[in-house]
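Trainee: The letter at position 39 of the sequence shown is residue 278 when you use this note's numbering, and the numbering goes up by one with no holes.
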Amino acid sequence: MGAPKINAAFAVSWDTIKVTWTPLDQKEEVTSYEVEYRSFISCSSSMQVQGSSVLVKGLTQYTSYNVSVRGRNAQNAGPWNFSEVKTLGW
């Protein structure tokens, strides 16, 4: 299984980022995507997502986050693809 290509990771407000990626080919048999995000001041958090984008809310303003996305199926998970994004101020 390959890694999904992250198309964009950007802040949409002071506490929300949007991440979009190119879905993997159907032959990869991906059933969901795992999105993980972390900053230097907080532990990592993750979520399972259907589709090819997600809004991550409740983040700290003026903070850089490392965002990772990978495909999953019933048997295993693929490699991560990484991006960095910074939240906005008020």
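Where a beta carbon is used, it is the ideal one built from N, C-alpha and C, also for glycine.
Starting from the Cα of Asn305, find the closest Cα among Thr261, Asn312, Ser285 and give me that residue.
Mentor: Residue 305 sits at position 66 when you count from the first residue of the sequence shown. Of the listed residues, the one whose Cα sits closest to Asn305 is Ser285.
Trainee: State the DSSP-derived secondary structure class of Lys266, mapped to helix, strand or coil.
Mentor: Within the sequence shown, numbered from 1, the residue matching residue 266 stands at position 27. It is helical.
Trainee: So what's Leu294 in DSSP terms, helix, strand or just coil?
Mentor: By one-based count along the sequence shown, residue 294 stands at place 55. Three-state result, Leu294: strand.
Trainee: Taking the DSSP output, what are the residues bridged to Phe249?
Mentor: By one-based count along the sequence shown, residue 249 stands at place 10. DSSP lists Lys257 as partners of Phe249.
Trainee: Can the beta-carbon of Ile256 be found closer than 7 Å to that of Val288?
Mentor: Position 17 of the sequence shown, counting from 1, holds the residue named residue 256. Position 49 of the sequence shown, counting from 1, holds the residue named residue 288. No, Cβ-Cβ distance for Ile256 and Val288 is not below 7 Å.
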